[in-house]
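When we follow our numbering, the leftmost residue of the sequence shown carries the number 1232, and every step to the right adds one.
Structure, as structure tokens:
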Amino acid sequence: MRPEFGFGIARDELIRDFGAQSTVRGERYAAEGRVRDIEFDDEDRVLRGRCVGSHGQLYVLEVGLSPGSRAVVEWALCSCPVGSFCKHAVALVLAAAPADAAHQPVERWRYVLDKVLDEVAVPEGGGKPIALEFSIGAPTRYRPGTLLLLRPLTLGKRGTWITRALTWRRLADYADSGEFDRDQYRAVRGLVSEMQRFSSPHSGEGMMLNGMPATLWPRLDEVLDAGVTILADAATGIRAVELAKNVHLRLNFAAEDGGGALMSVSLIVDGQERDADGAGLIGMPAPHGMFQVVDSVLRLGAFDPVPGRTMAELLGHQEQVHIPADMARELAVDILPRLASSVDMEVADGLFVPPTITGPKPALTVKIVDGGARVFWSTRYEVNEQHHDFDPLSSAGLIGYRDAAAEEELWQRVLPALQAVAAAAQDWKRQATQHVNRRISTTLDTEAVHELRAIVKSASVLDAVAAASRRTLLGGVDLTEVEAAVLCDQTLPQLDCYADLIIDADHRYRAAAADPVVSFSADTQLAGDWFSLNVTVGVDGETVALAELIRELASGATHMMLPSGIYFRLDTPELVRLRDLLDEARALGEIDGDRVNAASLNVTLWDELLELGVVDEQLARWRANLARLAAARPPVPVEPPVGLKADLRDYQRDGLDWLSFLWDNGIGGVLADDMGLGKTVQTLALITRAVSGGAGKFLVVAPTSVARNWAAECAKFTPDLNAVVVTSTVAKAAGGLADQVAAADIVVTSYTLLRMDVAEYSQIPWAGMILDEAQFVKNHHSKTHQAARLLDVPFKLAITGTPMENNLMELWSLLSITVPGLYPSPKVFETYFRKPIESGQADDLLPVLRRRVKPVLLRRTKGQVLTELPPKSEQVLTIGLSAKHRKIYDTRLARERQKVLGLLGIGRRTASRSSGH
């Protein structure tokens, strides 16, 4: 019959439900009269009919209309390829409407509110229940296996389950509907939203489950919890549906004739093995569940655990795999232990003999390569007496018989050994940084980032080792040849405390049996008092090139390797001292290439250097002379000269010994005793000894203020010597300088007169020159210094209580006059000594400088010779002032009293009171 709607459906609603293109085509089909056999079931609100397609096909249609005052399309099914909400359904709806009601517009606000009311309305009884019906589909061209289908149903008015009122399309498009049980509707809608990502409705609105993701199972649980009924489609050969609680696969190994084995996969459902015939898989590409029809009952369930794809395919294909007899050992040793930890297996009795496995044990391998060695760690297992080594950083789960927990405990126990091996590499900090950076580049590891920061901040190799994680330490280490030798010969023997540690190392290296021997020899003496110095180092009969030795020392290396495999320590005190002294000698110009000045005055340097080794016969004589000069004392004490009218104290006699040694050897010096210790009398003792021995005149240069005092001291202590004081320049004197001092033994002049008449002083053959208060020549740029330095005198002595006041160059200034051959260049002295010492960057150089100048600089303080000074005595005398002195004293006292009272404010207050009366 023809439906009596009493109204039409607005065109905009048709476009909203069916789309613009389907609406336009449906309008054309309706206008062309293609719709036939229209029927309307008012009770079920279903509009039925047939429509002729574009090629003459006749399609069967059903359109569900919502209950209520007007028609709203709820669902639409068609036998055409589209299946639902197609142009044919539009044509049916338009053809069924009264001619005068077609395209009757509906106000938008009314349409929206009607939909809202429909969705929130709760029918009597709480809404229609929902069911899900499973069915089995035949294989298709694109799906060769059995299909598992699912579609939604709801109860019709006659109490039977119908498919038309609830479709996947409606569930997908409408978030809610008051027509159905709300909990069930939402649970099923959650299922369909998951399913539509991987499948589309099959013919008859059945959704295929074969390719569903693993989230299918929790969604099904939600559906069951919501009370949705599970049905079986009897038309496809099933009468009931069972959801298994537990399904997993078992790998079976059965004996085969000839000694081989047959491998297959069986299905375990709820603890019982089932025949796998006809079993289908759910999930692509990795199956996570199965379904199977047995005695018209559809049984399905999720795999737990989920098997690998290969096992699932063996189940699906019902394949049996043959294992040859000669592969039985490999299967038993390598494969079955790995499978046992993750796969349910059943192995026939006596089929395979289980292997004998021991381990794990730590293994260390030192592999010698060109120029060094590669050291790496391994985890070792013994399987049937054959060892198998594994990278300790690899996953233990990849090998069945590896024990991850035991390996973790093992490497934690030998952690000190890992650290000791890493510490063998001087550049471990760089290597550790590379290890950690590689780890960070492959995975975002915040712990690795923190570890990297700690390694980078480390100040030494040991600090970098302590900052490295066990994973980094297990990454191995690269060593130089010397480092490998030290590791094998010294470090590895100390690891014997680890009884299970296996070490595979090359023992081609050995430590030197004896300490290195330094030898010094000299070639034939060269012209100009220079000779060639040969320095060699011998180690167990082998000669080491000095240049190579020094280069290794300079690099900071602790050991050195010889071509024979012998290695020896470089950081011994003797070799380090050898390097330092050779560096000093070269820096100070004592060595020019391999040539040495035989007349060097740096006697302590050469004495210390030659003391480090064995010297040949020629050098032995030179060394003996150096040792004598370095001692700076005569073989026997010197007796004070007869002409000296003074009793010398012990320290003054020692000073005379030192001065006499310098005089006898033609070396100048600096006498730097504290003030009051008798520098003048010691000097006069030397002059007296020299003059009595036939020496010529001595020139004493002193400040003008003390020149007369020298004459007095000479008259007091050396009355037999004729002392002359020069008080004016040659230009002002009556005669020449030579005439003035012709009969003198000691000539006293001032620094000013020396500077002005240096040419005249240079004409006189002086035996020695004494510079009193020598700080007057401490500036080596001054003309006075230049005059004193250029005056050709075989012996020069500087006397001062302050040999250095402001900087070390003041000391050099005195030495450059008195001992010019010790440090000839001010620039070299400044670079090597002054700048490093004064900047505080080389505290060790100051003791070196003291040793170098000790033979030519004598300084004693009062504290050092206090025991030889007479006891201190004090005497207080009260002397009365004369009349003139008393007047001066009282006047000064009154003035000072007024100042003090004024400061305290007393005088002002007194004056104020006086003015008030």
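Ideal Cβ placement from N, Cα and C applies to all residues, glycine included.
(Q) On a Cα-Cα basis, can you pick out the residue from W1608, T1789 and V1770 that is closest to V1748? (A) Counted from its first residue, the sequence shown places residue 1748 at position 517. Ranking the options by Cα distance to V1748, first place goes to V1770.
Q | Beta-carbon proximity list for L1968, same chain, < 6 Å, skipping 5 on both sides | A | By 1-based counting over the sequence shown, the position of residue 1968 is 737. Excluding positions up to five away in sequence, the list reads V1961 and E1991.
Q. Mapping DSSP to helix, strand and coil, what is G1421?
A. For the purposes of this step, residue 1421 is taken as residue 190 along the sequence shown, with counting starting at 1. DSSP places G1421 in helix when its eight states are reduced to three.
Q: Pair every Cβ in the stretch 1897-1909 with every Cβ in the stretch 2045-2056, then say whether three or more of these pairs are closer than 8 Å.
A: yes
Q: Report the residue from V1277, E1870 and L1278 whose alpha carbon sits nearest the alpha carbon of Q1883.
A: Residue 1883 sits at position 652 when you count from the first residue of the sequence shown. Nearest C-alpha to Q1883: E1870.
Q. Among D1694, R1810, S1750 and A1975, which residue has its Cα nearest to the Cα of D1847?
A. The residue given as residue 1847 occupies position 616 in the sequence shown. Ranking D1694, R1810, S1750 and A1975 by Cα distance to D1847 puts S1750 first.
Q | Sequence-distant residues of the same chain with beta carbon closer than 7 Å to F1583, five excluded per side | A | Taking the first residue of the sequence shown as position 1, residue 1583 is located at position 352. Within the same chain, F1583 has close Cβ partners A1559, L1562, A1563 and L1567.
Q. What residues in its chain sit with their C-beta under 7 Å from that of L1641, if we drop five residues either side in the sequence?
A. Counting from one through the sequence shown, the residue named residue 1641 turns up at place 410. Only P1591 and P1593 meet the Cβ criterion.
**Q.** Local conformation of L1482 per DSSP, three classes
**A.** Residue numbering aside, residue 1482 sits at position 251 when the sequence shown is read from its first letter. In this structure, L1482 counts as strand in the three-state DSSP scheme.
Q: Tell me, please, which residues DSSP counts as bridged to C1309.
A: Position 78 of the sequence shown, counted from the start, is the residue given in the question as residue 1309. Paired residue(s): L1292.
Q | Runs of beta strand (DSSP E) lying entirely within the stretch 1929-1961, each at least 3 residues, in chain order | A | 1929-1933 and 1954-1956
Q | C-beta contact flag for V1304 and A1320 at 9 Å | A | Indexing the sequence shown from 1 puts residue 1304 at position 73. Indexing the sequence shown from 1 puts residue 1320 at position 89. Their beta carbons are under 9 Å apart, which means V1304 touches A1320 by this criterion.
(Q) So, with DSSP's three-state summary, where would you put L1387? (A) As a first step, residue 1387 must be located in the sequence shown, where it is residue number 156. Residue identity differs from the one stated: residue 1387 is Gly in this sequence, not Leu. In this structure, G1387 counts as coil in the three-state DSSP scheme.
Q) What's the call for D1951, buried or exposed, on a 16-neighbour Cβ count within 10 Å? A) On the sequence shown, position 720 is the one that residue 1951 refers to. It counts as exposed.
Q) Where does the unbroken beta strand (DSSP E) through D1272 begin, and where does it stop? A) Residue numbering aside, residue 1272 sits at position 41 when the sequence shown is read from its first letter. D1272 -> beta strand (DSSP E) spans V1266 to D1272.
Q) What residues in its chain sit with their C-beta under 8 Å from that of G1437, if we drop five residues either side in the sequence? A) One-based indexing of the sequence shown puts residue 1437 at position 206. Around G1437: S1366, G1368, L1380, L1381 and R1382.
Q | Classification of L1245 by the beta-carbon crowding that lies within 10 angstroms, buried from 16 upward | A | In the sequence shown, counting from the first residue as 1, residue 1245 sits at position 14. Buried, since its Cβ has 16 or more Cβ neighbours within 10 Å.
Q) Taking three-plus beta-carbon pairs below 8 Å as touching, is the stretch 1914-1929 in contact with the stretch 1876-1891? A) yes
Q.
Relative to the C-alpha of H1548, which candidate in V1937, S1497 and G1532 has its C-alpha closest?
A. Indexing the sequence shown from 1 puts residue 1548 at position 317. If we check each option's Cα against that of H1548, S1497 comes out closest.
**Q.** Which of helix, strand or coil DSSP assigns to M1443
**A.** Within the sequence shown, the letter at position 212 stands for residue 1443. In the structure shown, M1443 sits in coil (DSSP, three-state: anything other than H, G, I, E or B).
Q) Would you report the Cα separation of Y1798 and E1712, rounded to the nearest angstrom? A) Within the sequence shown, residue 1798 is the residue found at index 567, counting from 1. Within the sequence shown, residue 1712 is the residue found at index 481, counting from 1. Those two C-alpha atoms are separated by around 10 Å.
**Q.** Local conformation of G1628 per DSSP, three classes
**A.** The residue labelled residue 1628 in the question sits at position 397 within the sequence shown. Helix.
(Q) Beta-carbon within less than 6 Å of V1266's beta-carbon, same chain only, minus the 5 sequence neighbours each way: which residues are those? (A) By 1-based counting over the sequence shown, the position of residue 1266 is 35. Once the five neighbours on either side are set aside, the close Cβ partners of V1266 are G1280, C1282, A1322, L1323 and A1326.
Q | Close-in-space but distant-in-sequence residues of the same chain around S1891 (CB under 8 Å, 5 per side omitted) | A | The sequence position of residue 1891 within the sequence shown is 660, counting from 1. Excluding positions up to five away in sequence, the list reads P1865, V1869, L1917 and R1920.
Q: Report the residue from P1647, T1541 and L1704 whose alpha carbon sits nearest the alpha carbon of Q1725.
A: On the sequence shown, residue 1725 is found 494 positions in, with the first residue counted as 1. Cα-wise, what sits closest to Q1725 is P1647.
Q. For the stretch 1489-1538, which segments carrying the beta strand (DSSP E) assignment without a break, of at least 3 residues, lie completely within its bounds, in sequence order?
A. 1492-1500, 1503-1505, 1511-1513, 1520-1525 and 1528-1533
Q. In its own chain, which residues sit with a C-beta less than 8 Å from the C-beta of G2032, not counting the 5 before and 5 after it?
A. The residue labelled residue 2032 in the question sits at position 801 within the sequence shown. Taken in chain order, the residues that qualify are A1903, D1904, D1905, M1906 and K1910.
**Q.** Whole-Å CB distance - A1463 paired with V1472, under 8 Å assumed
**A.** Residue 1463 sits at position 232 when you count from the first residue of the sequence shown. Residue 1472 sits at position 241 when you count from the first residue of the sequence shown. Contact flag correct, Cβ pair sits at about 5 Å.
Q | Straight-line gap, Q1252 to C1317 (C-alpha atoms, nearest Å) | A | The residue you call residue 1252 lines up with position 21 of the sequence shown. The residue you call residue 1317 lines up with position 86 of the sequence shown. Cα to Cα, Q1252 sits roughly 10 Å from C1317.
Q: Go through its chain and collect everything with a Cβ distance to A1637's Cβ below 7 Å, but skip five positions before and after it.
A: In the sequence shown, residue 1637 corresponds to position 406, counting from 1. Here the set comprises P1591.
Q. Name the DSSP bridge partner or partners of K2027?
A. Counting from 1 along the sequence shown, the entry for residue 2027 is found at position 796. K2027 pairs with M2000.
(Q) Would L1732 and V1645 be called neighbours here (beta carbons separated by less than 9 Å)? (A) Here residue 1732 is taken as the residue at index 501 of the sequence shown, counted from 1. Here residue 1645 is taken as the residue at index 414 of the sequence shown, counted from 1. Contact flag set, yes.
**Q.** Limits of the alpha helix (DSSP H) - the one that D1814 falls within
**A.** To locate residue 1814, count along the sequence shown from 1; it is residue 583. Element bounds for D1814: P1804 to A1818.
Q) With respect to the beta strand (DSSP E) encompassing L1181, which residues constitute its N-terminal and C-terminal limits? A) The first residue shown for the chain is 1232 and the last is 2148, placing residue 1181 beyond what the model contains.
Q. Would you call K1518 buried or exposed, if buried means 16 or more other Cβ atoms sit within 10 Å of its Cβ?
A. Working through the sequence shown from its first residue, we reach residue 1518 at position 287. Looking at the sequence itself, residue 1518 is Pro, so the reference to Lys does not match. Buried, because 16 or more other Cβ atoms sit within 10 Å of the Cβ of P1518.
Q: Drop a sphere of 10 angstroms on the beta-carbon of Q2072, count the other beta-carbons inside from all chains shown, and report buried for 16 or more, exposed for fewer.
A: In the sequence shown, the residue the question calls residue 2072 occupies position 841. Result: exposed.
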